[in-house]
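Asks:
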Amino acid sequence: MQARGSTNLYDGVRLGLTHLDDDRATSIVLVTDAVTNTGVVDPKAFHELLRQYDIRLFGFLMGNNANWPLMRMACETTGGSYAGVSNSDDIIGQILLAKSKILHECLHDARVTIDGVKSFDATDVAIGKVYRGQQLVIFGRYEQAGPATVALHARLTGEDRTYTTTFEFPEIDTENPELERLWAMDRIEQFTTLRQAGLVSAAEAREVIEQLGVEYQLVTDHTAMVVLPDETFAEYAIERRNQQRVATERTAQAQRAAQPPRGNRVDRAQPMFQQPAPGVPAGNGGGAIGPLGLLLLALPALARGGRKVAS
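According to my numbering, the sequence shown is numbered sequentially starting from 1.
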């Protein structure tokens, strides 16, 4: 292949899949803007191509026009990971972290369960692979407060492994109201990926994305924000939910800034993992959060109606 001022990502990935060794897992490191302006550009075609091979795709996106949904879908199809990089980032450090994932055995068939409280609308509970240095971030909602046991189930070198801890899910927590929008954004990304892979219809994905965008005041491919003068809002009796939400978030941010730093780890009494977080050798980039690091972000919700309570 020759560089000709365009991005034929599909042919590039397909070329990288030639001459694979059937006796070992293959990892591919892809540095791209993922614009896909030449050749096959249908994300579903990437999904169908990559799912045929036992490979791990690690993607690094560069540029302001990076196609995040496409890279997310491609990497998650193979059980790999992706990250954004720029000229100001520690690119060598990112590559070394990817190398660490490739050289160390990963957890397989990973999934998270929560017992003790009723949880729903969780994202990425069926995780698949977990690599060394990878942090798991799971958003979800729950109905009632109380103690709950969170467990990470996986397989390592053919053996079943389970990591558990028990902690209190609060009735209400107003310290981080931003979590509501983060949950909605993650949900939108999830349905975007499912639509691109052809696993849900475009109509179903659009309905979910529009609903989340309007309810949580998020700009998406199907929702937008309208800027109007104050008198126009009053004239048409438009509820200014975004203004109210931003005010709540900024108040919480000011309160956190006025307090001394404190740890938010909930498993201090019963640590979920016993090993320290791994890193790369000094001078070769930043350290990594542990391979068994689990960040669970849950939003309390009323038992009836499913309405969010500030979290």
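For each residue, glycine too, the CB sits at the ideal point set by N, CA and C.
(1) What did DSSP end up calling A197 once you bin it into helix, strand or coil?
(2) Shortest alpha-carbon distance to Q190 belongs to which of E175, N176, R206, P177?
(3) Can you give me the Cβ contacts of P291 inside the same chain, cut-off strictly under 7 Å, excluding the 5 residues immediately before and after it?
(4) Quick check on H47: does DSSP put it in helix, strand or coil?
(5) Output needed for L50: all residues of its chain with C-beta closer than 7 Å, excluding positions within five of it in sequence on either side, in chain order.
(6) For E180, does the three-state DSSP call read helix, strand or coil?
(7) Do Q255 and K44 have their C-beta atoms closer together than 8 Å?
(8) Look up H222 in the DSSP assignment and give the residues it is bridged to.
(9) For the ligand PLP, is there a heavy atom less than 7 Å away from the beta-carbon of L136?
(10) Below 8 Å between beta carbons: does that hold for T193 and T166?
(11) Can you check which of these residues, P229, L9, D109, D115, is closest to E159 by C-alpha distance?
(12) Would you kindly work out how many angstroms separate the C-alpha atoms of S86 and E204, rounded to a whole number?
(13) To which residues of the same chain is A310 closer than 8 Å at the C-beta, ignoring the five residues directly before and after it?
(14) Which of helix, strand or coil does DSSP assign to S100?
(15) For G140 and K118, what's the separation of their Cα atoms in angstroms?
(16) So what does DSSP say about L212, is it helix, strand or coil?
(17) Going by other Cβ atoms of all chains shown within 10 Å of its Cβ, with 16 needed for buried, is I238 buried or exposed?
(18) Can you list, in chain order, the residues of its chain whose CB lies under 6 Å from that of G80, leaving out five sequence neighbours each side?
(19) Please determine, among L182, G198, A145, the residue with the shortest C-alpha to C-alpha distance to R245.
(20) Any idea which residues DSSP pairs F273 with across the strands?
(21) Would you decide whether T113 is buried or exposed? Buried here means 16 or more other CB atoms lie within 10 Å of its CB.
(22) Of all Cβ atoms in chain D, is any one closer than 8 Å to the Cβ of Q52?
Replies: The answer reads as follows:
(1) Within the sequence shown, the letter at position 197 stands for residue 197. DSSP places A197 in coil when its eight states are reduced to three.
(2) Position 190 of the sequence shown, counted from the start, is the residue given in the question as residue 190. Closest option to Q190, Cα to Cα, is R206.
(3) As a first step, residue 291 must be located in the sequence shown, where it is residue number 291. At P291 the pLDDT is 39, less than 50, meaning the model places this residue with poor confidence; the figure from the coordinates comes in the next sentence. Only V130, Y131, R132, G133, Q134, P278 meet the Cβ criterion.
(4) Indexing the sequence shown from 1 puts residue 47 at position 47. Helix at H47.
(5) Here residue 50 refers to the residue found at position 50 when the sequence shown is read from its first residue. In chain order, L57, A74, T77, T78 place their CB closer than 7 Å to the CB of L50, counting only its own chain and leaving out the 5 sequence neighbours on each side.
(6) Taking the sequence shown and counting its residues from 1, the one referred to as residue 180 is at position 180. Of the three classes helix, strand and coil, the one that applies to E180 here is helix, per DSSP.
(7) In the sequence shown, residue 255 corresponds to position 255, counting from 1. In the sequence shown, residue 44 corresponds to position 44, counting from 1. Note that the C-beta distance between Q255 and K44 is not below 8 Å.
(8) The count along the sequence shown starts at 1 and reaches residue 222 at position 222. Beta-bridge pairing links H222 to no other residue.
(9) The ligand PLP is not part of this structure, which contains no ligands at all.
(10) Taking the first residue of the sequence shown as position 1, residue 193 is located at position 193. Taking the first residue of the sequence shown as position 1, residue 166 is located at position 166. Not closer than 8 Å, so no.
(11) The residue you call residue 159 lines up with position 159 of the sequence shown. The candidate whose alpha carbon is nearest that of E159 is D109.
(12) As a working mapping, residue 86 is identified with position 86 in the sequence shown. As a working mapping, residue 204 is identified with position 204 in the sequence shown. Answer to the nearest angstrom: the Cα atoms are 35 Å apart.
(13) Mapped onto the sequence shown, residue 310 falls at position 310. Its pLDDT being 34, under 50, A310 is placed unreliably in this model, and the value from its coordinates should be taken loosely. The residues are I172, D173, T174, P177, E180, T248.
(14) By 1-based counting over the sequence shown, the position of residue 100 is 100. If DSSP states are grouped into helix, strand and coil, S100 belongs with the helices.
(15) Position 140 of the sequence shown holds residue 140. Position 118 of the sequence shown holds residue 118. Taking the straight line from one Cα to the other gives about 11 Å.
(16) Against the sequence shown, residue 212 aligns to sequence position 212. Helix, per DSSP.
(17) On the sequence shown, position 238 is the one that residue 238 refers to. The residue is exposed, with fewer than 16 neighbouring Cβ atoms inside 10 Å.
(18) Position 80 of the sequence shown, counting from 1, holds the residue named residue 80. For G80, the CB contacts under 6 Å within the same chain, skipping 5 residues up- and downstream, are R56, L57, F58 in chain order.
(19) Here residue 245 is taken as the residue at index 245 of the sequence shown, counted from 1. Its Cα nearest to that of R245, the residue L182 stands out among L182, G198, A145.
(20) In the sequence shown, residue 273 corresponds to position 273, counting from 1. F273 is not bridged to any residue.
(21) Taking the first residue of the sequence shown as 1, we reach residue 113 at position 113. In this structure T113 is exposed. Its beta-carbon is surrounded by fewer than 16 other beta-carbon atoms within 10 angstroms.
(22) Absent here is chain D; the protein component of the structure consists of one chain.
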